[in-house]
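Novice:
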Amino acid sequence: MTQAKFSRGLVPLSILSVVLVVGGFAMVFFYAPNEADQGFVQKIFYLHVPLAIVALIGFVAGGVYGIRFLRSGDRVHDLRSYVAIHVSLILAVGALITGSIWAKASWGHWWVWDEPTLVSFLIVFLLYACYQPLRFSIEDPERQARYAAVFAIVGGAFVPLNFMAVRAAESLVHPRVLSTTGGAMPGSMRLTFLVCLAGIALLFVTLVKYELTSKSATFALRALKRRMAGDDDWVPVRRSAAPQL
Amino acid sequence: MSARSTPTRVAVAALVRKDLRAELRTGDTLPAMALFSVSTFVLFHFGLDARSLEGDLAAGVFWVTMLFAAVLAVNRQFVAEREEGGFDGFLLAPVDRTSLFLAKAAVLFAFLVALQVVAVPAFAILLLEPSPGPGLPELIGLLLLADAGIAAVGTLVGALAVQTRAREVIVPLLVLPLMIPVVIAAARGTAPLWLEAGAAAVEGRWLLILGLYDLVFGLLAYAVFDYLLDE
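Chains A and B, in that order, give the protein sequences.
Taking my numbering, the leading residue of the first sequence gets 1, the next gets one more, and so forth.
Taking my numbering, the leading residue of the second sequence gets 246, the next gets one more, and so forth.
1) Could you work out which residues of chain A lie near residue 395 of chain B, taking near to mean beta carbons separated by less than 9 Å?
2) Suppose the cutoff is 7 Å on Cβ atoms and the five residues either side in sequence are ignored; what does the same chain contact list for residue 359 of chain B look like?
3) Run down chain B in chain order and give the residues with a C-beta less than 8 Å from the C-beta of residue 133 of chain A.
4) Could you work out which residue in B/379, B/402, B/351 and B/295 is closest to residue 392 of chain B when comparing CA atoms only?
5) Around the C-beta of residue 99 of chain A, are 16 or more other C-beta atoms found within 10 angstroms, so that it is buried, or is it exposed?
6) Taking CB distances under 7 Å as the criterion, tell me whether residue 450 of chain B reaches chain A.
7) Residues in the same chain with beta-carbon distance under 8 Å from residue 172 of chain A, minus the five sequence neighbours each way, listed in chain order, please.
8) Rounded C-beta distance between residue 342 of chain B and residue 440 of chain B? I'm assuming under 8 Å.
9) Could you work out which residues of chain D lie near residue 437 of chain B, taking near to mean beta carbons separated by less than 9 Å?
10) May I ask you to report which of helix, strand or coil DSSP gives residue 372 of chain B?
11) Starting from the N-terminal side, write out each stretch of the alpha helix (DSSP H) that is 4 residues or longer and does not extend beyond the stretch 9-65 of chain A.
12) Nearest to residue 299 of chain B by alpha carbon, out of B/435, B/329 and B/258?
13) Report the residues of the stretch 136-164 of chain A with a CB closer than 8 Å to any CB of chain B, ordered along the chain.
14) I need the boundaries of the alpha helix (DSSP H) containing residue 266 of chain B, first residue and last residue.
15) With which residues is residue 298 of chain B paired in a DSSP beta bridge?
16) With 16 as the cutoff for other CB atoms within 10 Å, does residue 340 of chain B come out buried or exposed?
17) Going by the CB atoms, is the gap between residue 304 of chain B and residue 278 of chain B shorter than 7 Å?
18) Could you list the residues in the stretch 102-132 of chain A with a C-beta less than 7 Å from some C-beta on chain B, going in chain order?
19) If you compare alpha carbons, which of B/347, B/290, B/318 and B/294 is closest to residue 259 of chain B?
20) Which residues of chain A have a Cβ atom closer than 7 Å to the Cβ of residue 430 of chain B, listed in chain order?
Here it is in structure tokens:
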């Protein structure tokens, strides 16, 4: 049963991600020093940057599962691709909101156009916001999966290219957190940041696993109901953007 | 591929000829694109309340208009295939499937070039303050590179959207974000050519970004296009 595969290790994983996220935020408030220039506001950085990084990796992962779906034809990969993009989209909303708050606090505006990372992130978000409408407007589930995979692959390739183009176009205001120079973060800040990044990444994995488990439980339930009702009385499920296994 | 199948080159040529002939006979797409561009220039004149434009603003207005005109063409691109059973006919033919992508992208590229033959002079007459003459070779280079990118991505999105129920909505929603790198590079590249003080040199990095975009999305679209055709 696919359900058992998805839910394996879910409890320890949930506990670990709660511990890491809570521990990370405890470090943000009690361990990491206030930044000299921006003061307390800068601490939103420990939430904003991990959210953005994990969301972008999630989008690319959706593309990778798209490739695996097209190569193998296994619908499980389509489900994984869908869930990865879905959860990334939620994290991306969080990253945009926290970024906007940070921009207001440190630059005085809710939105700063000469800020390549923020702008390219918005573009990527706008593109992926079309993922579900696209799925929803294709009725045939097999075709829906195939087309969504093509979209996910194109989107996954678009993410790095878009960042390059936007960065070339703008001046560099945004701090480079993980640049080659290390962003000149003192050790305690770097440690806090890495713990937060790991926490959000684990949170992402946990959420993805939860959604996969829930989806596959729904499918299993539907299959059981169908068997009980007999194939004659079976009412087809309503059209959905989510993949059907 | 079996030895009997038609070479891709022949198939692409046949498909391109078919599309160009259909366009010549019906005039479905190109006149609409040209008319749309001119109307948009007029709209910008009133919207911006400007008698003439130069530099960044001129380049932005021009490229955004070109992009919207391209969306019109992408919307129409596969409609005949779907409505008249062209997809079935194509899939029955013993040809490589990517030849459809190559042909459609080539036709879209040709449409865009033809559109710009009309739109650049129209823009120069209606809105552009400095003459586009001095920087013309560089402008042509930018136009061709950007058209190649628009053609590759546009064809992919066109094929993706034609099977959906909300084609007219899906095409712009997908094309516009995907085209932002093209607009950035093309508009920033064109801006110095249209300065009031006289054309300055185009920065090489914009050509590089356009070239890279064409390469990446051309290869990507070529690779995944097969999956958009139904068995």
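Here a beta-carbon is modelled for each residue, glycine too, at the ideal position from N, C-alpha and C.
Specialist: The answer reads as follows:
1) Residue mapping note: residue 395 of chain B aligns to position 150 of the second sequence, counting from 1. Result: empty, since nearest Cβ-Cβ is about 14 Å, beyond 9 Å.
2) On the second sequence, position 114 is the one that residue 359 of chain B refers to. Within the same chain, residue 359 of chain B has close Cβ partners 275.
3) Taking the first sequence and counting its residues from 1, the one referred to as residue 133 of chain A is at position 133. Chain B residues near residue 133 of chain A: 411, 414, 415 and 418.
4) Translated into positions along the second sequence, residue 392 of chain B becomes position 147. Minimum Cα distance to residue 392 of chain B is reached at B/351.
5) Counting from 1 along the first sequence, the entry for residue 99 of chain A is found at position 99. Counting Cβ neighbours within 10 Å, residue 99 of chain A comes out buried, since at least 16 surround it.
6) Counted from its first residue, the second sequence places residue 450 of chain B at position 205. Yes, residue 450 of chain B counts as interfacial toward chain A.
7) If you number the first sequence from 1, residue 172 of chain A lands on position 172. Low confidence applies to residue 172 of chain A: its pLDDT is 48, below 50, so where it sits in the model is not reliable, and the reading given next is rough at best. Closer than 8 Å at Cβ, skipping near neighbours: 116.
8) Against the second sequence, residue 342 of chain B aligns to sequence position 97. Against the second sequence, residue 440 of chain B aligns to sequence position 195. Contact between residue 342 of chain B and residue 440 of chain B is absent: CB atoms are separated by about 46 Å, not below the 8 Å threshold.
9) Judged by its chain identifiers, the structure shown contains no chain D, and its protein chains are A and B.
10) Working through the second sequence from its first residue, we reach residue 372 of chain B at position 127. Judged by DSSP in its simplified three-state form, residue 372 of chain B adopts coil rather than helix or strand.
11) For the stretch 9-65 of chain A, whole alpha helix (DSSP H) runs of length 4 or above, ordered along the chain, are 10-30.
12) On the second sequence, position 54 is the one that residue 299 of chain B refers to. The alpha carbon of residue 299 of chain B has as its nearest neighbour, out of B/435, B/329 and B/258, the alpha carbon of B/435.
13) Cβ proximity to chain B below 8 Å picks out 137, 138, 139, 143, 146, 147, 149, 150, 151, 153, 154, 157, 158, 161, 162 and 164 from the stretch 136-164 of chain A.
14) Taking the first residue of the second sequence as position 1, residue 266 of chain B is located at position 21. For residue 266 of chain B, the enclosing alpha helix (DSSP H) starts and ends at 253-271.
15) Residue numbering aside, residue 298 of chain B sits at position 53 when the second sequence is read from its first letter. Looking at the DSSP assignment, residue 298 of chain B forms a beta bridge with B/373.
16) The residue given as residue 340 of chain B occupies position 95 in the second sequence. Under this definition residue 340 of chain B is a buried residue.
17) If you number the second sequence from 1, residue 278 of chain B lands on position 33. If you number the second sequence from 1, residue 304 of chain B lands on position 59. No. Outside cutoff.
18) Taking 7 Å as the cut-off between beta carbons, the residues of the stretch 102-132 of chain A near chain B are 123, 126, 127 and 130, in sequence order.
19) Indexing the second sequence from 1 puts residue 259 of chain B at position 14. Restricting attention to B/347, B/290, B/318 and B/294, the CA atom closest to the CA of residue 259 of chain B is found in B/347.
20) Within the second sequence, residue 430 of chain B is the residue found at index 185, counting from 1. Under the 7 Å cutoff, chain A gives 165.
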